[in-house]
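S.K.:
There are 2 protein chains.
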Amino acid sequence: MPKFLESLPMLLSRTLDGIMPRYRSLFQTHGLTDQQWRVLRALWEQKHLTSAEISQMTLLPAPSLVGILDRLEKKGLIGRLRSVKDRRHVHIIPTQAGRDLQAHMLPKVEQIHDSYMQRITPEEWDELNRILNKMAEPAEQRSFA
Amino acid sequence: MPKFLESLPMLLSRTLDGIMPRYRSLFQTHGLTDQQWRVLRALWEQKHLTSAEISQMTLLPAPSLVGILDRLEKKGLIGRLRSVKDRRHVHIIPTQAGRDLQAHMLPKVEQIHDSYMQRITPEEWDELNRILNKMAEPAEQRSFA
DNA sequence: TATTAATGATTAATATATTAATTACTTTAC
DNA sequence: GTAAAGTAATTAATATATTAATCATTAATA
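The listed protein sequences derive, respectively, from chains F and Y.
With my numbering, the residue at position 133 of the first sequence is 133, and numbering never jumps.
Positions in the second sequence are counted from 1; adding 1000 to them yields my numbering.
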């Protein structure tokens, strides 16, 4: 097997490719894309978030978010509300239909997540987080061993 | 921090978002996208590969590959050659310019990879691979503990 | 061998990613 | 108080992802 396949980017991509289809088929039964679900999920414990806040939480690039929010709005799952304090900000608010869909889907999403968690021990999960965070840590704020 | 940010998909996406920019800025100085480099990289130790083989190695979906190969071909980095044995297959072959670019870029790419590897121990790297492969393993062929 | 089924690459349609530029609005600094 | 600098959302242009369908070719079967 060539070294290429054992690189860090390929390892991560391969893992994502391995786990996402199960999530995706659930999303599809509810007419959502991965990214659209992410936005709804980010709004779960919030009354409202600005577009920039959603972008930061979901890792979805701001320009992509415009279209994603357009489509969620067209589906009646969210609303846009321009801030009165600072008219540059747009607050994104889940509609009742959006909240209902969240409530319906979240348990199933968590069920899939749990099924993956059961493949490893809590210690392995901690290890995984520790190692990956060390990888992704920006160079500046890295502590030298 | 909401549980959402601690999910497996978000952990993996966050890590990729953290590490890819350094690769990407290198690719950009050579006028390549991530995916275009992946294809060249896959051809590194091969004289030629079919489109399907490249798709499987690089994890790039076959329909996306059509355009990616178009652009690599237009840049004079690869050539397409329809198989005589089975005219359904198309062999992808790096041109001399493609091989030169590979040879020039590969050390720099490996340098970036090494710099990430230095953040962790070889044992942590093995752990990481072991855990992630367990996550991505298809359910059917999973061994029960 | 004529038909049917399967396969590899491609096209089509829609959604998202990436980078740069723009627009509307706020804040700073002079 | 006004011009300049900064900020949040958006648009624009190009590249890629996702799913389904198509096209040409080959393999399988009656």
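Just so you know, even glycine gets a beta-carbon here, dropped at the ideal spot from N, CA and C.
What you are looking at is a predicted structure, and each value in this text was computed from that prediction instead of being measured.
Pick out whichever of Y:Ser1007, Y:Met1010, Y:Thr1015 has its Cα sitting closest to the Cα of Lys134 (chain F).
M.R.: In the first sequence, the residue the question calls residue 134 (chain F) occupies position 134. Per the Cα distances, Y:Thr1015.
S.K.: Taking the alpha-carbon of Val1090 (chain Y) as reference, which of Y:Ile1120, Y:Glu1053, Y:Asp1126 has the nearest alpha-carbon?
M.R.: What you label residue 1090 (chain Y) is simply residue 90 of the second sequence in a count that begins at 1. Of Y:Ile1120, Y:Glu1053, Y:Asp1126, the residue nearest in Cα terms is Y:Glu1053.
S.K.: Just verifying my parser: in three-state terms, what is the DSSP assignment at Thr121 (chain F)?
M.R.: Along the first sequence, read from residue 1 onward, the residue named residue 121 (chain F) stands at position 121. Here Thr121 (chain F) sits in coil by DSSP.
S.K.: Within the region 1017-1059 of chain Y, note down every full alpha helix (DSSP H) run reaching 4 residues or more, in order along the chain.
M.R.: 1034-1042, 1051-1058
S.K.: Between the alpha carbons of His1048 (chain Y) and Ser1083 (chain Y), how many angstroms are there, rounded?
M.R.: Locating residue 1048 (chain Y) in the second sequence gives position 48, counting from the first residue. Locating residue 1083 (chain Y) in the second sequence gives position 83, counting from the first residue. Whole-angstrom Cα-Cα distance: 11 Å.
S.K.: Round the Cβ separation of Asp34 (chain F) and Arg24 (chain F) to the nearest angstrom and send it over; I've been treating them as touching at under 8 Å.
M.R.: The residue you call residue 34 (chain F) lines up with position 34 of the first sequence. The residue you call residue 24 (chain F) lines up with position 24 of the first sequence. That belief holds up - the Cβ atoms of Asp34 (chain F) and Arg24 (chain F) are roughly 6 Å apart, short of 8 Å.
S.K.: Which residues in the same chain as Glu6 (chain F) place their Cβ atom closer than 8 Å to its Cβ, once the five residues preceding and following it in sequence are excluded?
M.R.: Along the first sequence, one-based indexing puts residue 6 (chain F) at 6. Closer than 8 Å at Cβ, skipping near neighbours: no residue.
S.K.: Less than 6 Å between C-beta atoms, sequence neighbours within five positions excluded: which residues of the same chain meet that for Ala1042 (chain Y)?
M.R.: As a first step, residue 1042 (chain Y) must be located in the second sequence, where it is residue number 42. Ile1054, Met1057, Thr1058, listed in sequence order.
S.K.: Looking at the C-beta of Ile1019 (chain Y), does it have a partner C-beta in chain F at a distance below 9 Å?
M.R.: To locate residue 1019 (chain Y), count along the second sequence from 1; it is residue 19. When Cβ-Cβ separations below 9 Å define contact, Ile1019 (chain Y) makes contact with chain F.
S.K.: Rounded to the nearest angstrom, what separates Ala1145 (chain Y) and Arg1130 (chain Y) at their Cα positions?
M.R.: One-based indexing of the second sequence puts residue 1145 (chain Y) at position 145. One-based indexing of the second sequence puts residue 1130 (chain Y) at position 130. Caution applies to Ala1145 (chain Y), whose pLDDT of 48 falls short of 50 and renders its modelled position unreliable; the value that the coordinates give is listed next. Distance between the alpha carbons of Ala1145 (chain Y) and Arg1130 (chain Y) is about 15 Å.
S.K.: Please tell me whether His113 (chain F) has its Cβ less than 9 Å away from any Cβ of chain Y.
M.R.: Within the first sequence, residue 113 (chain F) is the residue found at index 113, counting from 1. Closer than 9 Å: yes.
S.K.: Give the single residue among F:Ile112, F:Gln118, F:Leu11, F:Asp70 whose Cα lies nearest to the Cα of Ile1019 (chain Y).
M.R.: In the second sequence, residue 1019 (chain Y) corresponds to position 19, counting from 1. The shortest Cα separation from Ile1019 (chain Y) among F:Ile112, F:Gln118, F:Leu11, F:Asp70 belongs to F:Leu11.
S.K.: Beta carbon of Ile68 (chain F), beta carbon of Gly79 (chain F): below 9 Å?
M.R.: On the first sequence, residue 68 (chain F) is found 68 positions in, with the first residue counted as 1. On the first sequence, residue 79 (chain F) is found 79 positions in, with the first residue counted as 1. For Ile68 (chain F) and Gly79 (chain F), no; Cβs fall outside 9 Å.
S.K.: Does Glu1124 (chain Y) come within less than 9 Å of chain F when only Cβ atoms are used?
M.R.: For the purposes of this step, residue 1124 (chain Y) is identified with residue 124 of the second sequence, where counting begins at 1. Answer yes: the Cβ-Cβ gap between Glu1124 (chain Y) and chain F drops below 9 Å somewhere.
S.K.: Using a C-beta to C-beta distance shorter than 8 Å, which residues of chain Y count as neighbours of Ala62 (chain F)?
M.R.: Counted from its first residue, the first sequence places residue 62 (chain F) at position 62. Chain Y residues near Ala62 (chain F): none, gap ~14 Å exceeds 8 Å.
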